[in-house]
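Trainee: Sharing a structure, written as C-alpha cells. Questions coming.
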Amino acid sequence: MQTLVQPLPGIRGKDLLVDSYTSSTLNQVTGLRQKFIRKLIWLNILLVATRLFRNPIVALKKVSALKALRNRYRNDKPLPKYARSGNRYFVNFNTPGWPSPAFNRYVSHYLRRHGNVEGNSLSTLIFAITKKCGFQCEHCCEWLNLNKPETLSRENLLSIVNRFHQLGIAQVQLSGGEPLNRYKDILFLLDNAPKGVDFWIYTTGHSLNAQKARQLKRRGLTGITISLDHHQEAAHNTFRGVDDAYQKAMAATAYARNAGLATCFSLCATRAFISEENLKQYMELARRMGVSFVQVLEPKAVGHYAGMDVGITIAHQQMIEGFYQKYNYDPAYSDYPAIAYHGYTTREFGCTGSGADYVYADTDGDIHNCPFCQRKLFSALDPSLPELIQQMKTKGCSAFSSCSTKN
Numbered sequence: 386m387q388t389l390v391q392p393l394p395g396i397r398g399k400d401l402l403v404d405s406y407t408s409s410t411l412n413q414v415t416g417l418r419q420k421f422i423r424k425l426i427w428l429n430i431l432l433v434a435t436r437l438f439r440n441p442i443v444a445l446k447k448v449s450a451l452k453a454l455r456n457r458y459r460n461d462k463p464l465p466k467y468a469r470s471g472n473r474y475f476v477n478f479n480t481p482g483w484p485s486p487a488f489n490r491y492v493s494h495y496l497r498r499h500g501n502v503e504g505n506s507l508s509t510l511i512f513a514i515t516k517k518c519g520f521q522c523e524h525c526c527e528w529l530n531l532n533k534p535e536t537l538s539r540e541n542l543l544s545i546v547n548r549f550h551q552l553g554i555a556q557v558q559l560s561g562g563e564p565l566n567r568y569k570d571i572l573f574l575l576d577n578a579p580k581g582v583d584f585w586i587y588t589t590g591h592s593l594n595a596q597k598a599r600q601l602k603r604r605g606l607t608g609i610t611i612s613l614d615h616h617q618e619a620a621h622n623t624f625r626g627v628d629d630a631y632q633k634a635m636a637a638t639a640y641a642r643n644a645g646l647a648t649c650f651s652l653c654a655t656r657a658f659i660s661e662e663n664l665k666q667y668m669e670l671a672r673r674m675g676v677s678f679v680q681v682l683e684p685k686a687v688g689h690y691a692g693m694d695v696g697i698t699i700a701h702q703q704m705i706e707g708f709y710q711k712y713n714y715d716p717a718y719s720d721y722p723a724i725a726y727h728g729y730t731t732r733e734f735g736c737t738g739s740g741a742d743y744v745y746a747d748t749d750g751d752i753h754n755c756p757f758c759q760r761k762l763f764s765a766l767d768p769s770l771p772e773l774i775q776q777m778k779t780k781g782c783s784a785f786s787s788c789s790t791k792n
C-alpha cells in the first residue's frame, strides 16, 4: 500500500510518495517475529563473544552478564519491538542494525568494556564536520564557532574516522553546523571509510532532496536524525530561527524514508515544551511520519544557551521518563517509535561519554568528553590518540552534576 504525503510548499507531491506510515507493518517488528529475531541476535552475540574470549564457557558467562546488565537498564521489562530498515533490525537508536559488521563491532566493544578486557575500545564517534549553518537554533552548542572558516579538509575528516575505527568504533554520527553543507565531503567519507561502521547524519533537513537522499543511501549512509523541536510548525520555526524550518524537516523525513534510510526525530525538550499534551502530540507526529526513533535531549547552558537558566525540573524529567517507559515497553505502543532519553540513562547508569562508549570531535578536530562539555582536551590527529583516550577514560568528566562515568 502507498500513500501520498501532504504536499509541502515548493515541493512536488510525487517526490513525497512513500510507503504507508502504518509503523507496525513498515518500521516496527513485533510479536513472534520480534522474539525470533531476538533469539538470532543473542546467538550472534554469543558467537562474537566466543571469538573474542576463545573459550565457549567464558563466552557464555560474559554474555549472561551482558544480558543481566541489559535487563537492569530496562528495569527487567522486555522490549516488545525492533525497528526495521532495509534488511536490518535496530534494537535502539544507539545500536547499529543487525545483522552487520558494525553490530558485531558494537557488541565486541561492550564485551570488552564490561568483561574487563584490557585495551582501548569505543562504540561511537560524534563528529561535528562543519562550522557552516544558516539556522539560528535556540539551543545550539556550537554557536560560538558557527560560520567561521573551516579548518578540517575532507582528508582530515577521513583520517579522524580511520583513527577512531582502529579504536573500535561501530558508529559515526556526523553533526555540525549543518553537515549537509559538506555534502560532497560526506560522499567522500562514505566512499572511503573503513568497513564495519554505521554512518548517521544529524540535520535540520536543510538542502536534503530526493536525489541526495537516494545517493546517500546508495553510498552507504545508515540513517538521518532530523532536528524537530515541536509538533507545531510555528513553534519549531521560532526555535530554529528560520521561517520554513518545519517544512524542511518534514520534507527531509519523507525523502529519507522514501530512500530507505533509517530515520529519527531529535527533540530538545525545553521547559516551555514539556507537557503531557505536547509529548503525546509529538509522538503522534513521529508515528504518522513513520520515523523509527525519537531522541530526547535536555537543554544545557552552553553555546547559545550559555549563562542562561535552561535546566528542566525533576517534575519535567519524571514526565519524560514516564513517556520513555510507556512508549518503549508497553505493548499497546508497539507501533510507535522507540524513545532514546539520554538524561534518564545518564542519571540512572552514568554518563557514557568521556571515552566510556563515545567521544565528541568538534569542528577543529579537537576531542571533548561530550558535545556539551565545551572543553577541548586534545586533537584527534595527535599521534598519541590511544593513550590520550585512555587518560580521558580514567579522568571522566564532571562538567555537569548529572554526569559521572559508571561501569
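For reference, each letter of the sequence shown is one residue, going 386 to 792 in the working numbering.
Positions of the beta carbon are idealized from the N, C-alpha and C atoms, including for glycine.
No experiment lies behind these values; they were computed from the predicted model shown.
1) In this structure, does DSSP put Arg457 in helix, strand or coil?
2) Could you please give the first and the last residue of the uninterrupted alpha helix (DSSP H) stretch that includes Arg732?
3) Which partner residues does Ile611 have in the DSSP bridge list?
4) Hey, could you find the ends of the alpha helix (DSSP H) Leu601 is sitting in?
5) To the nearest angstrom, report how far apart Met777 and Gly416 are at their CA atoms.
6) Which term fits Lys665, buried or exposed, when burial requires 16 or more other beta carbons within 10 angstroms of its beta carbon?
7) Ends of the beta strand (DSSP E) at Asp751?
8) Let me know the secondary structure DSSP gives Arg539 once reduced to three states.
9) For a test of your reading of the model: does the CB of Leu542 fall under 8 Å from any non-hydrogen atom of the ligand FAD? Yes or no.
10) Tell me which residues share the same chain as Leu340 and place their Cβ nearer than 8 Å to its Cβ, disregarding the 5 neighbours each side in the sequence.
11) Give the list of continuous alpha helix (DSSP H) stretches no shorter than 4 residues that lie fully inside the region 504-577.
12) Which word fits Leu682, buried or exposed, when buried means at least 16 other C-beta atoms lie within 10 angstroms of its C-beta?
13) Look at Thr536 and Asp742 and say whether their C-beta atoms are less than 9 Å apart.
14) Spatial neighbours of Val448 within its chain, please: C-beta separation below 7 Å, excluding the five flanking residues on both sides.
15) Going by C-alpha distance, which of Asn412, Cys525, Val502, Lys533 is nearest Val476?
16) In the DSSP assignment, find the beta strand (DSSP E) that holds Ala468 and state where it starts and stops.
17) Please state whether the Cβ-Cβ distance between Ile422 and Tyr474 is less than 9 Å.
18) Please report the distance separating the alpha-carbon of Pro534 from that of Glu662.
Mentor: For this structure:
1) Helix.
2) Element bounds for Arg732: 727-734.
3) DSSP lists Thr588, Phe650 as partners of Ile611.
4) Where Leu601 is concerned, the enclosing alpha helix (DSSP H) stretches over 595-604.
5) Straight-line Cα distance between these residues: approximately 42 Å.
6) Under this definition Lys665 is an exposed residue.
7) Counting along the chain, the beta strand (DSSP E) containing Asp751 begins and ends at 751-753.
8) Secondary structure at Arg539: helix, using DSSP grouped into helix, strand and coil.
9) Although the ligand FAD was asked about, the structure shown includes no ligands whatsoever.
10) Any property of residue 340 remains undetermined from this structure, which presents the chain solely from 386 to 792.
11) Complete alpha helix (DSSP H) runs here, min 4: 539-550, 568-577.
12) The residue is buried, with at least 16 neighbouring Cβ atoms inside 10 Å.
13) Between Thr536 and Asp742, the C-beta gap is not smaller than 9 Å, which leaves the two residues out of contact.
14) Within the same chain, Val448 has close Cβ partners Ile430, Leu431, Ala434.
15) Closest by alpha carbon: Asn412.
16) That run of the beta strand (DSSP E) goes 467-470.
17) Note that the C-beta distance between Ile422 and Tyr474 is below 9 Å.
18) Straight-line Cα distance between these residues: approximately 42 Å.
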